[in-house]
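S.K.: Position one of the sequence shown corresponds to residue 1 (the UniProt record's numbering), numbered consecutively onward. Below is one structure. I have some questions about it.
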Amino acid sequence: MLDEALRGEIQGAYRRVLEAQGLTPRYGQRLMIAEIARTLGGIEADESGKRTSDEHVCVLEAGTGTGKTLAYLLAALPVAKARDKRLVIATATVALQEQVLHQDLPALKAHSGLDFHYALAKGRGRYLCVARLEQSMDGVADNPTLSLFEQSLVQESGDNFQALVQEMADAYGSGRWEGDRESWSDSIDDTDWRRLTIDHRQCTNRRCGHFAACAFFRARRDLESADVIVANHDLVLADLSLGGGVVLPPPADCIYVFDEGHHLPDKALTHFAHRVGVGGALRWLGSLKKSLTELNQALAVQPTVARLLATLPEAIAALEPRLGEAFALGHQLAGRPRGLGDDEENHQYRFEMGRVPDGLREHAGTLLVAFAELTRTLETMSDILRESLDPDKHTGLAREQAEAWLPLLALLHGRALEAHGLWQAYADVDTEGEPPYARWMTLERFGGDAELVFSASPVSAAPTLARTLWGSCYGAVVTSATLTALGRFERLQERAGLANRYRYQRLPSPFDYSRAVLSVPREAVDPADREAHERAIVEFVGGLGEREAVLMLFSSRMQLRAVEKALPATQRERVLAQDRLPKRELIERHRARVDAGKGSIIFGLASFAEGIDLPGDYLTHVVITRLPFAVPDDPVGATLAEWIESQGGNPFMRISVPDASIKLVQACGRLIRKEADQGRITLLDRRVLTRRYGRALLDALPPFVREIDGMVAG
């Protein structure tokens with residue numbers, strides 16, 4: 001139950017922000033504040049602060065114009081501070097993260113009367129490693145074997161690497177740069193950056209001689225005193241996959257807000273997937289084999305390390321032929337025993353229902369055992385080297401040797417862990433009645449050599465999210481403009497593992513949607529007739545007003561190009577096509593044309609249906625050429641569809657239609673961005689009128705004025 005003091009603090013802060021910024025209170029925003037405060041304030045905990053209740057999550061769909069950010073900050077921050085918890089704001093995009101960090105939080109601090117500190121959290125790989133910078137300044141790495149090893153895995157660094165290193169050292173040493181990749185003035189080549197950063201396994205933390213000057217740990221110290229931590233979905237998921245509390249505070253001490261929450265299930269799936277190339281594994285094992293002499297010379301003075309090093313030749317000798325057999329077996333199963341044809345860039349083969357043939361599954365089991373042994377060996381060696389960096393520990397190994405070789409062993413340990421996870425997924429048999437793993441192979445080329453990549457992924461992130469996130473956090477808010485599908489939360493619950501007992505609410509929009517017309521004109525045809533559909537789109541473009549500001553959304557690049565090519569030259573001059581210009585330049589040109597009183601037509605693909613903000617006269621007409629059905633032809637989606645069918649379900653109605661509803665709402669949402677906006681949305685797909693799912697798709701849209709075949713619907 002939210003106590004009176006907290007309620008008064010929230011209400012007072014809201015009033016002060018409105019008065020200071022000359023804002024009018026919005027009904028949806030007030031309702032959102034109340035829902036969040038009621039949920040988080042009602043969490044029960046024991047004397048130690050550990051949550052004991054299980055209705056600690058609220059899921060709120062709040063459309064554009066609601067003022068979501070202010071609402072969740074005002075409601076969640078006072079509760080978090082009163083309960084001695086940390087508020088973690090996680091966004092899906094950099095644009096929203098920057099808005100929260102540089103606009104919303106400073107404004108809240110300046111006007112609300114709330115006393116709080118905030119900081120940005122980024123993963124270790126986004127920060128410079130000072131030790132590596134120093135090594136690079138010397139022109140060679142401390143450990144030449146590590147340098148050669150890494151060069152065998154990545155392309156050569158750019159020609160200007162040494163100049164970049166010197167410039168970075170000057171900027172970091174003088175305090176002009178904080179050591180993070182994003183704040184560097186120019187873009188940094190990925191290969192160059194990999195030489196200047198490390199992961200959590202390679203980092204020696206407090207045992208490093210550069211710990212006091214470390215960019216990552218300087219940022220971590222800011223996090224320790226922050227009441228509000230701004231992160232992204234990927235960082236939260238990465239922290240959870242490491243057990244929680246590694247980069248961010250422990251989940252039990254956090255109240256999370258997931259803005260743009262509809263992205264969370266897809267983001268989670270990528271974190272739980274496995275991908276290993278056979279050729280890549282053979283290359284790093286080969287590099288390890290070449291390094292054994294130097295490893296023994298440097299580290300065999302330590303008895304345990306010496307014993308473990310002695311096992312590596314046999315371990316590598318066992319793995320190499322088994323990987324070669326997996327390579328041959330995979331090509332055989334994929335129907336390409338001799339590899340890719342001359343005209344093939346790649347070839348993907350998916351195992352139906354994720355079921356791996358017995359021969360490959362048994363072979364995966366032997367690889368699993370071998371990689372498990374190698375992983376344990378490398379982990380034990382890495383642990384001994386870390387202990388050797390501690391002056392209070394006497395391992396028999398000199399600190400200098402341990403410091404020089406730990407990055408290599410930690411890198412190898414990470415590679416072995418990746419392979420172990422992949423072969424575990426191939427050796428496992430899925431539980432009957434439960435969603436399976438998707439498993440597939442990709443034949444491709446790497447530097448001219450044949451490569452076979454084995455991949456595996458759960459088809460749903462729900463069980464893992466339910467356990468590691470919702471089950472372990474103190475409290476959470478999930479919000480976005482589009483969380484419901486066909487007006488219901490079931491699809492999100494199914495994908496994100498959200499329990500029925502949590503609080504769900506669709507908040508009213510402040511916009512008057514009667515200012516927009518949703519039209520299905522006579523020109524709309526069934527896209528099944530591709531040529532007729534393209535002709536209809538071309539004719540429709542020809543009928544657009546000369547000064548209209550239009551966003552035309554296509555479902556395929558092929559059709560976008562076909563329509564653009566079929567347009568007369570005079571009409572083609574008005575078109576700005578997404579695949580021909582960078583996104584930012586395209587938007588700038590479009591705005592410039594509108595400012596000059598000219599018409600402009602953007603041809604965009606699915607990515608333009610979300611995140612494009614063109615208020616007022618910059619966008620007066622959204623044209624959706626085809627209902628946004630995604631064909632589940634990716635391995636994860638196809639496997640999930642097969643499993644649903646096997647359970648007697650209809651994957652089209654269970655997945656495709658709900659997902660299309662979300663995308664259609666997002667596409668229509670490009671038009672009305674502010675209260676005074678108005679215009680037209682046109683659907684050029686007649687299936688919305690002729691198929692039984694069409695009514696459900698239309699009913700899930702905001703209450704636009706409807707115009708069907710030129711007639712205003714009653």
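Every residue gets a Cβ at the ideal spot worked out from N, C-alpha and C, and that includes glycine. Bear in mind that the values here come from a model prediction, so they are computed numbers and not experimental data.
Looking at C473 and Y118, is the spacing between their C-beta atoms short of 8 Å?
M.R.: Position 118 of the sequence shown holds residue 118. Position 473 of the sequence shown holds residue 473. In this structure, C473 does not lie closer than 8 Å to Y118 by Cβ.
S.K.: Please report the residue range of the beta strand (DSSP E) in which W177 lies.
M.R.: Along the sequence shown, one-based indexing puts residue 177 at 177. No beta strand (DSSP E) holds W177; DSSP gives it neither H nor E.
S.K.: Pick out whichever of S183, L701 and A398 has its Cα sitting closest to the Cα of L486.
M.R.: Sequence index remark: in the sequence shown, residue 486 carries index 486 (1-based). Among S183, L701 and A398, the Cα nearest to that of L486 is on L701.
S.K.: Check whether the Cβ atoms of A427 and A438 lie closer than 8 Å to each other.
M.R.: As a first step, residue 427 is located in the sequence shown; it is residue number 427 there, counting from the start. As a first step, residue 438 is located in the sequence shown; it is residue number 438 there, counting from the start. No; because the gap between Cβ atoms is not below 8 Å, this pair is not in contact.
S.K.: To the nearest angstrom, how far is it from the Cα of V88 to the Cα of G475?
M.R.: Translated into the one-based positions of the sequence shown, residue 88 becomes position 88. Translated into the one-based positions of the sequence shown, residue 475 becomes position 475. Spanning the two alpha carbons is a distance of roughly 10 Å.
S.K.: Count the other CB atoms, across all protein chains shown, that sit within 10 Å of the CB of E403; report buried if there are 16 or more and exposed otherwise.
M.R.: Locating residue 403 in the sequence shown gives position 403, counting from the first residue. Under this definition E403 is a buried residue.
S.K.: Could you give the distance in angstroms between the alpha-carbon of V636 and the alpha-carbon of Q166?
M.R.: Locating residue 636 in the sequence shown gives position 636, where the first residue counts as 1. Locating residue 166 in the sequence shown gives position 166, where the first residue counts as 1. Cα to Cα, the separation comes out at about 45 Å.
S.K.: Report the rounded CA-to-CA distance for L698 versus R322, giving the unit in angstroms.
M.R.: On the sequence shown, position 698 is the one that residue 698 refers to. On the sequence shown, position 322 is the one that residue 322 refers to. Looking at the two C-alpha atoms, the distance is approximately 55 Å.
S.K.: Below 8 Å CB to CB, which residues in the same chain sit around R361 once its five sequence neighbours on both sides are set aside?
M.R.: Locating residue 361 in the sequence shown gives position 361, where the first residue counts as 1. For R361, where only same-chain residues beyond five positions count, the Cβ hits under 8 Å are Y426, A427 and V429.
S.K.: So what's Y502 in DSSP terms, helix, strand or just coil?
M.R.: Locating residue 502 in the sequence shown gives position 502, where the first residue counts as 1. It is coil, neither helix nor strand.
S.K.: Could you tell me whether the segment 442-453 touches the segment 480-497, using the rule of 3 or more Cβ pairs below 8 Å?
M.R.: Too few Cβ pairs lie closer than 8 Å, so no.
S.K.: Is the segment 65-83 close to the segment 517-537, with three or more CB pairs under 8 Å?
M.R.: No, because fewer than three Cβ pairs between the segment 65-83 and the segment 517-537 fall closer than 8 Å, the two stretches do not touch.
S.K.: Taking 8 Å as the cut-off, decide whether the C-beta atoms of E61 and T482 are in contact.
M.R.: Residue numbering aside, residue 61 sits at position 61 when the sequence shown is read from its first letter. Residue numbering aside, residue 482 sits at position 482 when the sequence shown is read from its first letter. Against a cut-off of 8 Å, the Cβ pair of T482 and E61 comes out as a contact.
S.K.: Which term fits S48, buried or exposed, when burial requires 16 or more other beta carbons within 10 angstroms of its beta carbon?
M.R.: Within the sequence shown, numbered from 1, the residue matching residue 48 stands at position 48. Counting Cβ neighbours within 10 Å, S48 comes out exposed, since fewer than 16 surround it.
S.K.: Can you tell me which of the three DSSP states S382 falls into?
M.R.: For this step, residue 382 is matched to residue 382 along the sequence shown. Three-state DSSP puts S382 in a helix.
S.K.: Are the CB atoms of A592 and Q666 nearer to each other than 8 Å?
M.R.: Reading the sequence shown from its first residue, position 592 is the one you call residue 592. Reading the sequence shown from its first residue, position 666 is the one you call residue 666. Not a contact, by the Cβ cut-off of 8 Å.
S.K.: Can you tell me whether S185 is buried or exposed, with buried defined as 16 or more other CB within 10 angstroms of its CB?
M.R.: Here residue 185 corresponds to residue number 185 of the sequence shown, with the count starting at 1. Exposed, by the Cβ-count rule.
S.K.: Can you find at least 3 beta carbon pairs, one from the segment 565-577 and one from the segment 646-658, that sit closer than 8 Å?
M.R.: Touching, no, given that fewer than three Cβ pairs across the two stretches are closer than 8 Å.
S.K.: Write down every uninterrupted run of the beta strand (DSSP E) in the segment 514-591 whose length is 3 residues or greater and which is fully enclosed by it, in chain order.
M.R.: Qualifying beta strand (DSSP E) stretches, in chain order: 516-520, 549-553 and 575-577.
S.K.: Can you tell me which of A306, R355, Q11 and S53 puts its alpha carbon nearest to the alpha carbon of I33?
M.R.: The residue given as residue 33 occupies position 33 in the sequence shown. Ranking A306, R355, Q11 and S53 by Cα distance to I33 puts Q11 first.
S.K.: Below 8 Å, can you find three or more Cβ-Cβ pairs linking the segment 593-600 to the segment 661-680?
M.R.: No, they do not touch.
S.K.: Buried or exposed, going by whether 16 or more other CB atoms sit within 10 Å of the CB of Q559?
M.R.: Taking the first residue of the sequence shown as position 1, residue 559 is located at position 559. Result: buried.
S.K.: Taking DSSP as the reference, what is the three-state secondary structure of H200?
M.R.: In the sequence shown, the residue the question calls residue 200 occupies position 200. Here H200 sits in coil by DSSP.
S.K.: Which residues share a DSSP beta bridge with R593?
M.R.: Residue 593 sits at position 593 when you count from the first residue of the sequence shown. In DSSP, R593 forms no bridge with anything.
S.K.: Three or more C-beta pairs closer than 8 Å, one from the segment 161-177 and one from the segment 123-135: is that the case here?
M.R.: Because the criterion of three Cβ pairs below 8 Å is met, the segment 161-177 and the segment 123-135 touch.
S.K.: Return the bridge partner residues of S455 from the DSSP annotation.
M.R.: Indexing the sequence shown from 1 puts residue 455 at position 455. Beta-bridge pairing links S455 to R275 and W440.
S.K.: With DSSP run on the structure shown, which of helix, strand or coil describes L101?
M.R.: Taking the first residue of the sequence shown as position 1, residue 101 is located at position 101. Helix at L101.
S.K.: Does DSSP put L60 in a helix, a strand or coil?
M.R.: Counting from 1 along the sequence shown, the entry for residue 60 is found at position 60. In this structure, L60 counts as strand in the three-state DSSP scheme.
S.K.: Comparing alpha-carbon positions, which option in L409, V100 and H56 lies nearest V230?
M.R.: Taking the first residue of the sequence shown as 1, we reach residue 230 at position 230. When only C-alpha atoms are compared, the closest one is V100.
S.K.: Report the rounded CA-to-CA distance for V276 versus E418, giving the unit in angstroms.
M.R.: Against the sequence shown, residue 276 aligns to sequence position 276. Against the sequence shown, residue 418 aligns to sequence position 418. Spanning the two alpha carbons is a distance of roughly 7 Å.
S.K.: Would the segment 288-308 count as touching the segment 259-267 if we require 3 or more Cβ pairs under 8 Å?
M.R.: Because the criterion of three Cβ pairs below 8 Å is not met, the segment 288-308 and the segment 259-267 do not touch.
S.K.: Smallest Cα separation from H200: which of A169, R218, A238 and H210?
M.R.: By one-based count along the sequence shown, residue 200 stands at place 200. When only C-alpha atoms are compared, the closest one is A238.
S.K.: For R515, tell me which candidate among T431, K674, A641 and R535 has the shortest Cα-Cα distance.
M.R.: In the sequence shown, counting from the first residue as 1, residue 515 sits at position 515. R515 has its Cα closest to that of K674, out of T431, K674, A641 and R535.
S.K.: Taking T69 as the reference, which of R51, D54, R86 and H102 has the closest Cα?
M.R.: Residue numbering aside, residue 69 sits at position 69 when the sequence shown is read from its first letter. Per the Cα distances, H102.
S.K.: If you draw a straight line from the alpha carbon of R206 to that of T380, how long is it in whole angstroms?
M.R.: Your numbering for residue 206 matches position 206 in the sequence shown. Your numbering for residue 380 matches position 380 in the sequence shown. Cα to Cα, R206 sits roughly 19 Å from T380.
S.K.: If I follow the unbroken beta strand (DSSP E) through S600, where does it start and stop?
M.R.: On the sequence shown, residue 600 is found 600 positions in, with the first residue counted as 1. S600 to G604 is the span of the beta strand (DSSP E), which, as asked, contains S600.
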